[in-house]
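What follows is a set of notes on a single structure, which appears directly below.
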Amino acid sequence: MADDIERVAGLLHEAAETHHIVYRIVDGEDSDWASWYADWLIRLSELPQLLKTTPVRSELIYLLVELDRDFNALKPTESWERFYARRLLERYLPVPART
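For the sequence shown, this note's numbering begins at -1 and goes up steadily by one.
Take a look at the structure:
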């Protein structure tokens, strides 16, 4: 799972860099950032392959906003990308059956 976290975190970082370039005229400011990220992650990245499913766009938008709130409230020591990646993988990857 650690490799998956790094891969998803890398995609989130790439999304952030791309978003900042697209919104450079306003220094990356975008009150609807989660919609942009969700669209990019679903249509233009490997996220669906890593999650083994294509998230519903509206659900991913909701999760990104929720993750942003959680990250800012909890103030974890890990990067936001790793925090989001871990939570997204926990949400979307099937739980292995216990024997």
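No residue lacks a Cβ here, since even glycine has one placed at the ideal position from N, Cα and C.
All values reported here derive from a predicted model rather than from experimental measurement.
Point to revise | Assigned exposure category for Arg89 - 16 Cβ within 10 Å defines buried | key: exposed
Review point. Under three-state DSSP, which class holds Pro92?
Key: coil
Practice item. Enumerate in chain order the residues of its own chain whose CB-to-CB distance from Arg55 is below 7 Å, with the five nearest sequence positions on each side excluded. Key: Ala36, Asp37 and Ile40
Point to revise | Segment contact flag, the segment 43 to 63 with the segment 72 to 88, C-beta cutoff 8 Å, min 3 pairs | key: yes
Exercise for review: Assuming Leu10 contacts Ala83 (C-beta within less than 8 Å), just tell me the rounded distance between them.
Suggested key: 6 Å
Check your understanding: Applying the criterion that 16 or more other CB atoms from any shown protein chain within 10 Å of the CB defines a buried residue, is Ala0 buried or exposed?
Key -> exposed
Practice item. Would you decide whether Arg80 is buried or exposed? Buried here means 16 or more other CB atoms lie within 10 Å of its CB. Key: buried
**Study point:** For Ala13, the nearest candidate out of Ser43, Pro74, Ser29 and Val93 (CA to CA)
**Key:** Ser43
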